[in-house]
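All remarks here apply to the structure that follows.
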Amino acid sequence: MKPVIHARAVTRDLKLGAHVVQALRGVDLAIYPHEMVGVVGPSGSGKSTLLGIIGGLDSPTDGTIEIDGIDISTMSEGQLTDIRNQKIGFVFQFFNLIPTLTALENVALPIEFAQVRRHKPFNRARELLELLGLGDRFHHRPSELSGGQQQRVAIARALANDPPILLADEPTGNLDSASGETVLEALKTIRAQNGTTLVLVTHDRSLALQMDRVLTLVDGRIVDGSAPDLADSVMTAGARERMIEGDV
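According to the numbering used here, the stretch in the sequence shown is residues 1469 to 1716, in order.
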């Protein structure tokens, strides 16, 4: 089976003032169709940078990244936009729902703007919201929903155009434990129903351990064979320096 995500010797240099920091240092990874993969590590270890490069929101300084066998490393922004629209859905810590739109309208919106429509927007929105247990919240605006409900609407929106890959960056970071568990179950349901490949960045060890596989990043490198709790305890000097500037 060929990987749906394949990184080879990926590095990413970031300028922080007069200094250059290596956020990623020769990362190799292969993620296969239908896998649920957790990415853990201390603040500043490169988790969000890696997710951004996988999702075509950023490009590597060196190395290659393939999505579904397509090398996206040197693509133009227009080409990357097409790849994101066709193959990748994003879920972030902050829900980013449009406050004046209902749950149904928020989920239907990406389909209405898609270059190629695979679904009728509101039919697909209803289907996804029902799948995620929100069949009675179609006409509620974000302010009328709990945090966990808003995140499930955000997941539905990310899946509106049937992307084979879903990238989630701290999707439970703003939620209490009960809501976080509900969101995790929603992600598992999506994988079971749609065969979606999930890559999830998290600080939550218990969440990561429910994935099929866990990748631990420390100081911009994948630490092979490390348990997730190592990522909470290992903090190199480089990681500490980057924490001062914010998570990369």
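For glycine and all other residues, C-beta sits at the position ideal for the given N, C-alpha and C.
Assuming Thr-1670 and Val-1508 form a contact by the criterion Cβ under 8 angstroms, report the distance between their Cβ atoms to the nearest whole angstrom.
The residue labelled residue 1670 in the question sits at position 202 within the sequence shown. The residue labelled residue 1508 in the question sits at position 40 within the sequence shown. Confirmed, about 6 angstroms.
Indicate whether Asp-1637 and Lys-1515 have their beta-carbon atoms separated by less than 9 angstroms.
For the purposes of this step, residue 1637 is taken as the residue at position 169 of the sequence shown. For the purposes of this step, residue 1515 is taken as the residue at position 47 of the sequence shown. Yes. Within cutoff.
State yes or no: is the C-beta of Ile-1473 within less than 9 angstroms of the C-beta of Ile-1566?
By 1-based counting over the sequence shown, the position of residue 1473 is 5. By 1-based counting over the sequence shown, the position of residue 1566 is 98. Contact flag unset, no.
Which word fits Arg-1585, buried or exposed, when buried means at least 16 other C-beta atoms lie within 10 angstroms of its C-beta?
Counting from one through the sequence shown, the residue named residue 1585 turns up at place 117. The residue in question, Arg-1585, is exposed, as its Cβ has fewer than 16 Cβ neighbours within 10 Å.
When we look at the beta-carbon of Phe-1562 and count the other beta-carbons within 10 Å, is it buried (16 or more) or exposed?
By one-based count along the sequence shown, residue 1562 stands at place 94. Result: exposed.
Between the beta-carbon of Thr-1650 and the beta-carbon of Arg-1620, is there less than 9 angstroms?
Taking the sequence shown and counting its residues from 1, one reaches residue 1650 at position 182. Taking the sequence shown and counting its residues from 1, one reaches residue 1620 at position 152. It is a contact, given that the beta carbons lie within the stated cut-off.
In terms of residue numbering, what span does the alpha helix (DSSP H) encompassing Thr-1549 cover?
Against the sequence shown, residue 1549 aligns to sequence position 81. Run containing Thr-1549: 1545-1555, per the alpha helix (DSSP H) assignment.
Whole-angstrom distance between Ala-1646 and Ala-1571, CA atom to CA atom:
Along the sequence shown, read from residue 1 onward, the residue named residue 1571 stands at position 103. Along the sequence shown, read from residue 1 onward, the residue named residue 1646 stands at position 178. Ala-1571 and Ala-1646: Cα-Cα distance of roughly 21 angstroms.
Continuous alpha helix (DSSP H) assignments of at least 4 residues falling wholly in the segment 1595-1680:
1615-1626, 1645-1662, 1673-1676
Out of Met-1504, Glu-1573, Leu-1652, state which residue places its alpha-carbon closest to the alpha-carbon of His-1608.
Here residue 1608 is taken as the residue at index 140 of the sequence shown, counted from 1. For His-1608, the nearest C-alpha among the options comes from Glu-1573.
Ile-1535 to Ala-1582 span [Cα, whole Å]
As a first step, residue 1535 is located in the sequence shown; it is residue number 67 there, counting from the start. As a first step, residue 1582 is located in the sequence shown; it is residue number 114 there, counting from the start. One C-alpha to the other measures close to 20 angstroms.
List the DSSP bridge partners of His-1487.
Your numbering for residue 1487 matches position 19 in the sequence shown. His-1487 pairs with Leu-1484.
Determine the contact status of Gly-1531 and Arg-1689, defining contact as a CB-CB distance below 9 angstroms.
By 1-based counting over the sequence shown, the position of residue 1531 is 63. By 1-based counting over the sequence shown, the position of residue 1689 is 221. Contact flag unset, no.
State the DSSP-derived secondary structure class of Ala-1576, mapped to helix, strand or coil.
The residue you call residue 1576 lines up with position 108 of the sequence shown. It is helical.
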